[in-house]
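In my numbering, the protein residues as written are 3 to 656.
Beta carbons are placed, not taken as given, at the ideal position from N, Cα and C, and that holds for glycine.
These notes are about the structure you will find just below.
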Amino acid sequence: MDVTWWAPLAGVVSLAYAGYLAASVTRRDVGTPQMRDLMEAIHEGAMAFLRREYRAIAVFVAVLFVILAAPGLVPQITPQTAVCFVLGAACSILAGFFGMQIATRANARTANGARRGLAEAMRVAFPGGAVMGMTVVGLGILGVGLLFLWLRDPNQVIGFSLGASSVALFARVGGGIYTKGADVGADLVGKVEAGIPEDDPRNPAVIADAVGDNVGDVAGMGADLFESYVGSVIAGLAIGLAQHGERGAGLALGLAAVGVVAAILGTFFVGAGGARNPQAALRAGTFASAAFMVAGSYLVTQVLFSDLRAFWATAVGLLSGIVIGLVAEYYTSGREVQRLAESARTGPATVIIAGTALGMLSTVVPLVVIALSTIVAFRLADFFGIALAAIGMLSITGMTVSVDAYGPIADNSAGIAEMAGLGQDVRGVADQLDAAGNTTAAIAKGFAIGSAALTALALFFFYRQAVGLEAINIMDPDVTAGLFIGGIVPFLFAALAMRAVGRTAELMVNEVRRQFREIPGLLEGRSRPEYARCVDIATAGALREMVVPGLSAVAIPLVVGFVLGKEALGGLLGGAIVTGVPLALYLANSGGAWDNAKKFIEEGHHGGKGSDAHKAAVIGDTVGDPYKDTAGPSLNILIKLMTVVALVFAPLFR
């Protein structure tokens with residue numbers, strides 16, 4: 003039974019559903035003229051940043067396409083690989099652009115829905131996020147499916163993953179620098195120095211901050227999981243084809259198609275509890291998607307393989323993803339966050355120390371889960387089992403991205419409710435949505451890191467297969483050197499990203515201080531801030547600072563491959579995975595915990611807003627902002643991109 007055509011068909015269905023959701027969101031009323039003006043300011047700022055960022059990415063894509071496609075320049079790489087590369091980049095860009103269009107149109111509509119209650123607001127916020135989720139998986143599986151039907155060669159289709167990875171890295175790094183540069187500037191000057199509330203219209207950086215939520219957690223996270231998704235499917239295609247022929251490739255595509263349908267069905271379970279508890283409603287959708295995926299994958303593996311070991315390998319990956327997400331939730335909410343908030347009572351130093359320790363501790367269970375899932379999947383179905391585990395973990399990416407993209411929509415709606423003066427009742431409803439979004443963001447970051455680890459492992463085994471390595475000898479000095487170089491690359495990359503946020507934040511802080519100092523009556527609310535100046539500073543800073551980290555991620559594996567050879571390059575990839583995954587988990591969970599500790603104090607605990615504990619927590623949060631939204635998430639893409647670069651250019655290495 004040939005199921006390879008299921009993949010493009012599932013992609014078409016997913017894109018059609020995304021179109022339906024987009025229409026349902028845009029039909030809703032925006033609200034007051036002031037709400038419309040705020041929505042348009044956020045929308046224009048976000049789309050202006052995306053257009054400038056995508057133009058810069060297009061230059062990189064064009065140069066690399068010429069290198070890949072030029073006759074005789076890289077003779078071992080086919081023109082078809084170059085075409086796949088461009089299509090992968092184009093699909094990632096298109097997903098980000100379309101998702102951002104709707105997310106920045108849904109925020110004011112969500113705030114307007116909040117005027118009529120929680121259920122009505124939820125009916126706008128989640129479908130607005132689901133547009134991004136369904137577009138990501140729709141374009142991903144459509145692209146991979148059609149290219150495989152055309153070429154029947156995963157070694158050429160891997161170009162699609164290279165294109166997706168290239169866009170993802172620049173989108174994640176650039177978006178992270180933008181959002182955290184704006185956020186740190188808004189919080190340090192607005193909350194700590196001026197003593198004004200979050201989302202106060204007097205803060206010159208408030209629009210840039212709202213724009214940053216979208217470029218980081220809609221376009222950035224979408225590109226990240228788009229890359230993981232297509233990478234896992236292509237690795238499954240390659241290993242399945244090598245070990246089981248067309249049947250193995252068909253299983254990889256069939257499982258991915260089932261996951262798309264499962265995610266679509268799961269969205270219908272979100273609305274059921276939205277009127278009472280947004281967090282429970284979002285969790286119900288995720289669990290429903292997982293249940294549908296388990297049932298569907300059982301049927302597909304029975305039909306294609308008549309062997310339950312492939313099913314269990316897939317289920318292990320799916321379960322691992324859920325467990326890693328729940329562990330991230332545990333360390334960024336509840337008692338752990340309450341203990342962290344209590345440490346803020348004695349000052350910024352203690353809250354930073356406690357948050358650092360919490361983040362380090364939070365790496366233990368996820369890494370054990372990844373290790374166990376790798377062993378179990380391998381014992382069940384060899385290297386194909388590990389690829390199936392990665393596909394299983396990423397099978398419900400449509401739901402995961404939907405839930406994550408819901409977060410910035412809810413956050414923006416709370417900001418619009420505050421800036422438009424809609425009253426405490428409406429702000430309270432929007433804050434309930436926002437609180438659920440904060441938790442889902444932490445879960446999504448944990449899931450993204452876990453999925454990056456399994457995807458990188460699957461691609462690593464694809465690399466081993468492609469270059470014909472039976473084993474990598476760590477006693478070889480070249481391999482040992484590769485391991486050490488790979489181990490330091492995540493730290494180098496995180497440092498570059500953190501430094502970039504720091505430089506952009508300095509410019510933002512100085513600009514906000516200037517406006518408070520030079521614009522008469524601004525703090526009293528008699529004058530309007532120059533919002534556009536802060537948006538321009540964040541945009542220019544992000545575009546300037548993303549270049550060096552982005553190019554280094556491509557250059558380092560190429561240099562190691564050419565100088566030390568393909569076995570040493572394998573060592574580099576292994577070292578990067580082993581240090582990159584725990585570092586990413588530490589950064590993401592520390593940052594998320596600091597953020598939620600600040601919010602816990604703002605609810606009235608330990609003195610509430612304006613207290614010494616609150617000021618200490620705000621400082622902790624500003625340290626954590628680039629941790630969780632720039633450096634940490636960027637490492638996911640780094641380890642995958644380096645592996646894909648190694649795969650594409652493997653024929654050139656000795």
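Contacting residues, own chain, Cβ-Cβ under 8 Å from residue i (five flanking each side not counted)
i: ILE59; result: ALA91, ILE95, SER168, VAL169, PHE172 and ALA173
i: LEU485; result: ILE476, GLY573, LEU574, GLY576 and GLY577
i: ASP480; result: LEU566, GLY567, GLU569, ALA570 and GLY573
i: THR191; result: Correcting the residue identity first, residue 191 is Val in this sequence and not Thr. For VAL191, where only same-chain residues beyond five positions count, the Cβ hits under 8 Å are ASN205, ALA207, VAL511, VAL514, ARG515 and PHE518.
i: PRO492; result: ALA578, THR581, GLY582, LEU585, ALA586, LEU637, LEU640 and ILE641
i: LEU525; result: ALA196, ILE198, ARG204 and PHE518
i: THR442; result: GLN281, LEU284, VAL405, ASP406, TYR408 and GLY409
i: GLY214; result: GLY177, TYR180, THR181, LYS182, GLY183, ALA184, ASP185 and ALA540
Same chain, Cβ closer than 6 Å to residue i, five either side skipped, listed in chain order
i: SER657; result: Lying outside 3 to 656, the shown extent of the chain, residue 657 is not represented and no answer is given.
i: ILE539; result: LEU509, MET510 and GLU513
i: GLY256; result: VAL5, TRP8 and VAL302
i: MET223; result: ASP406
i: GLU604; result: LYS611
i: ASP623; result: TRP596, ASP597 and LYS600
i: VAL63; result: ALA91
i: VAL325; result: VAL371
i: GLN36; result: ALA422
i: ALA210; result: ALA184, CYS536, VAL537 and ALA540
i: LEU589; result: TYR629, ALA633 and GLY634
i: ARG656; result: GLY567
Cut-off 7 Å between Cβ atoms - residues of its own chain near residue i, not counting five sequence neighbours on either side
i: ALA20; result: VAL133, MET136, THR137 and GLY140
i: ALA586; result: ILE451, GLY634, LEU637 and ASN638
i: TYR436; result: Per the sequence shown, the amino acid found at residue 436 is Asp instead of Tyr. Around ASP436: ALA412, ASP413 and ALA416.
i: ALA383; result: ARG311, ALA312, ALA315 and LEU390
i: ALA108; result: VAL27, VAL126, ALA127, GLY130 and ILE411
i: LYS617; result: VAL194
i: THR358; result: SER592
CB-CB length for residue i against residue j, believed under 8 Å
i: THR106; j: ASP631; result: THR106 to ASP631, Cβ: 18 Å. No contact.
i: GLY147; j: PHE87; result: At roughly 17 Å, the Cβ-Cβ gap does not stay under 8 Å, so GLY147 and PHE87 are not in contact.
i: LEU320; j: ALA292; result: 6 Å
i: ALA43; j: VAL428; result: That pair is no contact at about 19 Å.
i: ILE445; j: GLU331; result: 5 Å
i: ILE238; j: ALA499; result: Here residue 238 turns out to be Gly, not Ile, going by the sequence shown. So it is not a contact: roughly 30 Å between Cβ atoms.
i: GLY187; j: ALA544; result: That pair is no contact at about 13 Å.
i: MET395; j: SER308; result: The Cβ separation is near 24 Å, so there is no contact.
i: SER375; j: ASN591; result: Not really, about 19 Å apart at Cβ, beyond 8 Å.
i: GLY142; j: PHE271; result: Not really, about 23 Å apart at Cβ, beyond 8 Å.
i: MET41; j: ALA110; result: 4 Å
i: VAL647; j: VAL503; result: Going by Cβ atoms, the distance from VAL647 to VAL503 rounds to 25 Å, so no, they are not a contact pair.
i: THR83; j: VAL650; result: 7 Å
i: PHE294; j: LEU267; result: 5 Å
Alpha helix (DSSP H) segment containing residue i, residue limits
i: ALA351; result: 350 to 363
i: VAL32; result: First-last for VAL32: undefined, no H or E at that position.
i: LYS630; result: It is not in any alpha helix (DSSP H) - LYS630 carries neither H nor E in the DSSP assignment.
i: SER592; result: 568 to 604
i: GLU338; result: 336 to 345
i: GLY247; result: Where GLY247 is concerned, there is no enclosing alpha helix (DSSP H), given that its DSSP letter is neither H nor E.
i: ASN512; result: 479 to 520
i: GLU331; result: 310 to 333
i: ALA132; result: 120 to 153
i: SER397; result: Careful: SER397 lies outside any alpha helix (DSSP H) and carries neither H nor E.
i: ILE476; result: From DSSP, ILE476 is part of no alpha helix (DSSP H); its letter is neither H nor E.
i: GLN467; result: 426 to 469
i: ALA542; result: 533 to 547
i: GLY189; result: As written in the sequence, residue 189 is Asp, which differs from the Gly given in the question. No alpha helix (DSSP H) contains ASP189, which DSSP labels as neither H nor E.
i: ILE104; result: 81 to 116
i: PHE289; result: 280 to 306
i: ALA212; result: 208 to 216
Below-8 Å beta-carbon distance, residue i vs any chain C residue
i: PHE62; result: Looking at the structure shown, chain C is missing, and only one protein chain is on hand.
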